[in-house]
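**Q**
Protein chains: 4
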Amino acid sequence: MLETLNPIERRRQRRIKKRQREIMTAAAEVFAEKGYASTTTKEIADRADMAEGTLYNYFDGKREILLAIADETTAPMETAIQEAGSLKSRDEILAMLEKALAISEAHLPSTRTLLTEAWMDDDILQDYLATRLKRIRDQLAAYIKHHVDNGTFRPINPEIGAQMIMGMFGALVLPAIRGVFDPPTPQECHELAESMVDLLLDGIRLRQA
Amino acid sequence: MLETLNPIERRRQRRIKKRQREIMTAAAEVFAEKGYASTTTKEIADRADMAEGTLYNYFDGKREILLAIADETTAPMETAIQEAGSLKSRDEILAMLEKALAISEAHLPSTRTLLTEAWMDDDILQDYLATRLKRIRDQLAAYIKHHVDNGTFRPINPEIGAQMIMGMFGALVLPAIRGVFDPPTPQECHELAESMVDLLLDGIRLRQA
Amino acid sequence: MLETLNPIERRRQRRIKKRQREIMTAAAEVFAEKGYASTTTKEIADRADMAEGTLYNYFDGKREILLAIADETTAPMETAIQEAGSLKSRDEILAMLEKALAISEAHLPSTRTLLTEAWMDDDILQDYLATRLKRIRDQLAAYIKHHVDNGTFRPINPEIGAQMIMGMFGALVLPAIRGVFDPPTPQECHELAESMVDLLLDGIRLRQA
Amino acid sequence: MLETLNPIERRRQRRIKKRQREIMTAAAEVFAEKGYASTTTKEIADRADMAEGTLYNYFDGKREILLAIADETTAPMETAIQEAGSLKSRDEILAMLEKALAISEAHLPSTRTLLTEAWMDDDILQDYLATRLKRIRDQLAAYIKHHVDNGTFRPINPEIGAQMIMGMFGALVLPAIRGVFDPPTPQECHELAESMVDLLLDGIRLRQA
DNA sequence: AATGAATGAGATTTCATTCAT
DNA sequence: CATGAATGAAATCTCATTCAT
């Protein structure tokens, strides 16, 4: 951890990190296309344009590549959650949504890989996703509860409300991650986030003036 | 189709169907636990309490078992969609939601299998899920558009609205399918559907009287 | 352990045992020729005249084949030691020697394999050889000590004496196991054992009458 | 052979020899621990504290390192045999035994490596061990024959006698080489050699005076 | 029709050797 | 010279499928 000042060693470490990232990028692409279990190490190596054996100079095995991808993918999620802090205003929610959309789509293959494997593998779900998603849900629920107590929101169940917000978000993101829709442009991202917050706050039904 | 009324042949056909269903049930369970690609034919055979070779008397291979599961799983979805017809009132939406929740949870393993493999495999997505989901979404969008034109709904984008309804629905169903939450009791199903329609129609924010 | 009386299952168990023995015989031959580490599973399969994959229907892996050979090889050793009991007379020693020579040479390949791997691998030495050899040495030492106390043997160190008897025995057996000499005929075995006991008891030097 | 007296070249040759010896020492240690076939070039390089590639500046490959170790290990054996000349008296045999014990234990790892690989590999057995052991055995046999003809030894078969002497010697040395016993101290070596010659000449049985 | 042993293609992984730096 | 990353052939092991019983 404490970086050696030896510059040769430093360069070597950079080379290693770079190679690892190449492998992870290639692997995430193939994993995203075929799923972890159906991907062969040969395919990863071919995509990364190296020999199969070379993978093993940088990772202990196929699963370790997956875990490294999961690590790297959850890191920005983690910081985003930290930064989000408590969501207080409509604008803060909007900002968080746009940010989350942007993050997921900036790393489509690895996000898809993480989601897929978390869906299939209990360990990955627990270690990389469950606690983070729970934290987000809890924050949303707290936000709702606050406003319900406040009298600014109708008296809905905060847990269910939070879950549904996440579902609405998922409905926007998942098709892009899955590759059904093309990923939205930043402009579209903004509109989508607006629509969602709008729908969320005021519902679909016209207010009888 | 019913070529022979020969009762011996009929009994034979019944036996075959029964055997196939046993295999599909067993396979769906194991697929749901480990994913299609990571499931071995031996595991399927063990779960179905028969020899590996027997599988091949009833299916052409592992993939054909998966396709049969997909077929069987989408059939009730299909009829549900047909029956739903046009959704006109709050109660019709409510009924459809409850029914959909009930169906998914009545066949958890095969539903999970279908979703997982549709997420991973373009062919399955296309052949078994995409058109059906699209039809539901279109119906929802038409419903929204109708009421917007009507003046009973606020002027929201029907496509996005439909997508979000589906997301809210997914947020209720997916955790149960994934096995994160225990599946809701019928009573809870009802409450969830109520909450969802409620939130959907009137939003989260208190109406200023 | 409690044999089922189901005769079909019994036949199946016999088939399995038979196949396992075929594999172990083939493996012991190749191990004896090239050593465990340099032997490939393909060579074992070829020698056993079956496909590589078939090995894995009967053993969990290459090392398990080795351990099974070690088990089977040490079993007759074990019973021979039990039966030997305490060695009291010249004739009993003679008998034990002849028996030991016969046993080692009846299973040359597996004996060679066991010795080789015990020489290389601490686990195998401990689990399969060390305690057995120690028991033999202790019996020999006790025999010597008895006669020394008796006054029939000269006052030599029983431990060292025992060790040397084993060395003499080894000098007779090892070359045959290694394949340097042809294995001795039963007739030769008898003569060798005689010579050895003779040399052992009375030494090489002529007694001055 | 000494083509150049050029001192720069001489220094270079010394450096090369030194490097080779470092590699051989490291390799002999690892070979002794895991056997030649299970040792990787990386392990040798690590033990020698150099890069894998460096090995190939000094040896043509892994096997050549083994052969060099065998060469170096048999050299002192060879000179010891030369010097031993004909064994005539009890004291000469004693001296040879002590010397042989000392030599084997001074180079435990390479001795163990040589023995192990000679046991496994016919080429090494022939090229490095068989002829030397045969020479020792022949000398011992000639010694015995001489004394038998002389009337000082009992009329035993010289070949078998020689073989057994070697066995007794093996029984003393091999456990130390294998690492089962700690190697004996020089003091213990002396006692062992005494015991052995003693036992050898006069046998185990008390002479009836 | 049911069985499960046999198969062999293909997956993951290891490692002696090469070679650019 | 020294290095150690890259290589790819070969090793171990897996598993969908076939087929004799």
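Residue numbers (my numbering), protein chains in the order written: chain A, 1 to 209; chain B, 1001 to 1209; chain C, 2001 to 2209; chain D, 3001 to 3209.
Here a beta-carbon is modelled for each residue, glycine too, at the ideal position from N, C-alpha and C.
It should be emphasised that the depicted structure is a prediction, and the values quoted were computed from it without experimental measurement.
#1: Given a cut-off of 9 Å on the beta-carbon distance, is the pair ALA100 of chain A and VAL30 of chain A in contact?
#2: Closest to TRP3119 of chain D by C-alpha separation, out of C:TYR2036, C:ARG2010, C:ARG2090, would be which residue?
#3: Is it buried or exposed, GLU1078 of chain B, if we count other Cβ atoms within 10 angstroms and call 16 or more buried?
#4: Whose Cβ in chain C lies nearer than 9 Å to the Cβ of ARG3205 of chain D?
#5: Give the single residue among C:LEU2115, C:LEU2199, C:PRO2155, C:ALA2026 whose Cα lies nearest to the Cα of TYR2128 of chain C.
#6: Grab me the residues of THR162 of chain A's own chain with a C-beta within less than 7 Å of its C-beta, minus the 5 sequence neighbours each way, in chain order.
#7: Count the C-beta pairs between the region 1174–1181 of chain B and the region 175–185 of chain A that are closer than 8 Å, then say yes if the count reaches three, no if not.
#8: Does the beta-carbon distance from GLN1013 of chain B to PHE1059 of chain B come in below 9 Å?
#9: Identify the contact partners of LEU3192 of chain D in chain C, using a Cβ-Cβ distance below 8 Å as the criterion.
#10: Tell me, please, which residues DSSP counts as bridged to PHE153 of chain A.
#11: Apply the 10 Å Cβ neighbour rule to ALA28 of chain A and answer buried if 16 or more other Cβ atoms are within range, or exposed otherwise.
#12: Work out the CA separation of ARG205 of chain A and HIS1146 of chain B for me, nearest whole Å.
#13: Do the region 2059–2071 of chain C and the region 2105–2115 of chain C touch if we need at least three Cβ pairs shorter than 8 Å?
#14: Under 8 Å by Cβ, that's how I've got ALA1171 of chain B and GLU1098 of chain B pegged, so tell me the actual separation to the nearest angstrom.
#15: Note down the Cα distance separating ALA1102 of chain B from THR41 of chain A, rounded to an integer number of angstroms.
#16: Starting from the Cα of GLU1191 of chain B, find the closest Cα among A:LEU201, A:ILE160, A:PHE169 and give me that residue.
#17: Taking C-alpha atoms, which residue in A:THR74, A:ALA26, A:SER195 lies nearest to LEU133 of chain A?
#18: Label LEU3201 of chain D either buried or exposed according to how many other C-beta atoms from any shown protein chain fall within 10 Å of its C-beta, with 16 as the threshold for buried.
#19: Mind listing the chain C neighbours of ARG3135 of chain D? Cutoff is C-beta to C-beta under 7 Å, in chain order.
#20: Would you list, in chain order, the members of the region 1024–1047 of chain B that have their beta-carbon closer than 7 Å to a beta-carbon of chain A?
#21: Over the uninterrupted alpha helix (DSSP H) stretch that includes LEU67 of chain A, give me the two end residues.
#22: Give a yes or no on whether the C-beta atoms belonging to MET3096 of chain D and ALA3106 of chain D are separated by under 9 Å.
#23: Can you tell me whether DSSP reads VAL2030 of chain C as helix, strand or coil?
#24: For PHE59 of chain A, decide whether its Cβ has a neighbour in chain B, counting only Cβ atoms nearer than 9 Å.
#25: Tell me the residue span of the alpha helix (DSSP H) that contains PHE1169 of chain B.
#26: Does GLY203 of chain A pass the burial test, meaning 16 or more other C-beta atoms within 10 Å, or should it be called exposed?
#27: Is there at least one Cβ from chain C nearer than 9 Å to LEU3175 of chain D's Cβ?
#28: Using 9 Å as the threshold, is the C-beta distance between MET1196 of chain B and MET1166 of chain B below it?
#29: Going by other Cβ atoms of all chains shown within 10 Å of its Cβ, with 16 needed for buried, is ILE1156 of chain B buried or exposed?
#30: Do THR1025 of chain B and ALA1051 of chain B have their beta-carbon atoms positioned less than 9 Å apart in this structure?
#31: Quick one: what's got a C-beta closer than 7 Å to ILE1124 of chain B's C-beta in the same chain, skipping five residues either side?
#32: Note down, in chain order, every chain C residue with its Cβ under 7 Å from the Cβ of ARG3178 of chain D.
#33: Cα separation between PRO1076 of chain B and THR1131 of chain B?
#34: SER2089 of chain C: which of C:GLU2009, C:PRO2007, C:PHE2153, C:GLU2022 sits nearest, CA to CA?
**A** Taking the definition as stated:
#1: Translated into positions along the first sequence, residue 100 of chain A becomes position 100. Translated into positions along the first sequence, residue 30 of chain A becomes position 30. Taking 9 Å as the Cβ cut-off, ALA100 of chain A and VAL30 of chain A do not qualify as a contacting pair.
#2: Position 119 of the fourth sequence, counted from the first residue, corresponds to residue 3119 of chain D. Comparing C-alpha distances from TRP3119 of chain D to each of C:TYR2036, C:ARG2010, C:ARG2090 shows the shortest one belongs to C:TYR2036.
#3: Counted from its first residue, the second sequence places residue 1078 of chain B at position 78. So GLU1078 of chain B counts as exposed.
#4: Here residue 3205 of chain D refers to the residue found at position 205 of the fourth sequence. The answer, in chain order, is HIS2147, THR2152, PHE2153, ARG2154, LEU2200, LEU2201, ASP2202, GLY2203.
#5: Translated into positions along the third sequence, residue 2128 of chain C becomes position 128. Residue C:LEU2115 is the option with its Cα nearest to TYR2128 of chain C.
#6: The count along the first sequence starts at 1 and reaches residue 162 of chain A at position 162. For clarity, residue 162 of chain A is Ala in the given sequence; the question names Thr instead. Sequence-distant partners of ALA162 of chain A (beyond 5 residues in either direction) whose C-beta falls short of 7 Å from its own C-beta, in its chain, are ARG137, LEU140, ALA141, ILE144.
#7: No, they do not touch.
#8: Here the question's residue 1013 of chain B lines up with position 13 in the second sequence. Here the question's residue 1059 of chain B lines up with position 59 in the second sequence. Contact flag unset, no.
#9: Stepping through the fourth sequence from its first residue, residue 3192 of chain D is reached at position 192. Going along chain C in sequence order, the residues near LEU3192 of chain D (Cβ under 8 Å) are ILE2160.
#10: What you label residue 153 of chain A is simply residue 153 of the first sequence in a count that begins at 1. DSSP, once it has assigned bridges, lists B:ARG1205 as partnering PHE153 of chain A.
#11: Your numbering for residue 28 of chain A matches position 28 in the first sequence. ALA28 of chain A should be labelled buried.
#12: Taking the second sequence and counting its residues from 1, the one referred to as residue 1146 of chain B is at position 146. Taking the first sequence and counting its residues from 1, the one referred to as residue 205 of chain A is at position 205. If you draw a straight line from the Cα of HIS1146 of chain B to the Cα of ARG205 of chain A, it is about 12 Å long.
#13: Under the three-pair Cβ rule at 8 Å, the region 2059–2071 of chain C counts as touching the region 2105–2115 of chain C.
#14: Indexing the second sequence from 1 puts residue 1171 of chain B at position 171. Indexing the second sequence from 1 puts residue 1098 of chain B at position 98. Actually they are not in contact, since the Cβ atoms of ALA1171 of chain B and GLU1098 of chain B sit about 16 Å apart, beyond 8 Å.
#15: Along the second sequence, read from residue 1 onward, the residue named residue 1102 of chain B stands at position 102. Along the first sequence, read from residue 1 onward, the residue named residue 41 of chain A stands at position 41. Taking the straight line joining both Cα atoms gives about 41 Å.
#16: For the purposes of this step, residue 1191 of chain B is taken as the residue at position 191 of the second sequence. Put simply, of A:LEU201, A:ILE160, A:PHE169 the residue whose alpha carbon is nearest the alpha carbon of GLU1191 of chain B is A:ILE160.
#17: Reading the first sequence from its first residue, position 133 is the one you call residue 133 of chain A. In this structure, A:THR74 is the residue among A:THR74, A:ALA26, A:SER195 with its C-alpha nearest to the C-alpha of LEU133 of chain A.
#18: Here residue 3201 of chain D refers to the residue found at position 201 when the fourth sequence is read from its first residue. Per the 10 Å Cβ criterion, exposed.
#19: For the purposes of this step, residue 3135 of chain D is taken as residue 135 along the fourth sequence, with counting starting at 1. Neighbours of ARG3135 of chain D on chain C: none; closest Cβ ~15 Å, over 7 Å.
#20: Closer than 7 Å at the C-beta level to chain A, one finds these residues of the region 1024–1047 of chain B: GLY1035, ALA1037, SER1038.
#21: Mapped onto the first sequence, residue 67 of chain A falls at position 67. Counting along the chain, LEU67 of chain A sits inside the alpha helix (DSSP H) bounded by residues 62–84.
#22: Counting from 1 along the fourth sequence, the entry for residue 3096 of chain D is found at position 96. Counting from 1 along the fourth sequence, the entry for residue 3106 of chain D is found at position 106. Judged by beta-carbon spacing, ALA3106 of chain D lies beyond the 9 Å limit of MET3096 of chain D, meaning their Cβ atoms are not closer than that value.
#23: For this step, residue 2030 of chain C is matched to residue 30 along the third sequence. If DSSP states are grouped into helix, strand and coil, VAL2030 of chain C belongs with the helices.
#24: Here the question's residue 59 of chain A lines up with position 59 in the first sequence. Look at PHE59 of chain A: its C-beta is not under 9 Å from any C-beta on chain B.
#25: As a working mapping, residue 1169 of chain B is identified with position 169 in the second sequence. 1158–1178 is the extent of the alpha helix (DSSP H) around PHE1169 of chain B.
#26: Residue 203 of chain A sits at position 203 when you count from the first residue of the first sequence. Buried, because 16 or more other Cβ atoms sit within 10 Å of the Cβ of GLY203 of chain A.
#27: On the fourth sequence, position 175 is the one that residue 3175 of chain D refers to. Contrary to the premise, residue 3175 of chain D reads as Pro rather than Leu in this sequence. Output row for PRO3175 of chain D: interface = yes.
#28: Here residue 1196 of chain B corresponds to residue number 196 of the second sequence, with the count starting at 1. Here residue 1166 of chain B corresponds to residue number 166 of the second sequence, with the count starting at 1. Not in contact: MET1196 of chain B and MET1166 of chain B (Cβ atoms no closer than 9 Å).
#29: Residue 1156 of chain B sits at position 156 when you count from the first residue of the second sequence. When all chains shown are included, ILE1156 of chain B counts as buried.
#30: Taking the second sequence and counting its residues from 1, the one referred to as residue 1051 of chain B is at position 51. Taking the second sequence and counting its residues from 1, the one referred to as residue 1025 of chain B is at position 25. Using a Cβ distance threshold of 9 Å, ALA1051 of chain B and THR1025 of chain B do not count as a contacting pair.
#31: Numbered from 1 along the second sequence, position 124 holds the residue referred to as residue 1124 of chain B. Cβ neighbours of ILE1124 of chain B beyond the five flanking positions: ALA1070, GLU1117, ALA1118.
#32: Position 178 of the fourth sequence, counted from the start, is the residue given in the question as residue 3178 of chain D. Correct list: TRP2119.
#33: Looking up residue 1076 of chain B in the second sequence gives position 76. Looking up residue 1131 of chain B in the second sequence gives position 131. If I take the Cα positions, the gap works out to 15 Å.
#34: The sequence position of residue 2089 of chain C within the third sequence is 89, counting from 1. When only C-alpha atoms are compared, the closest one is C:PHE2153.
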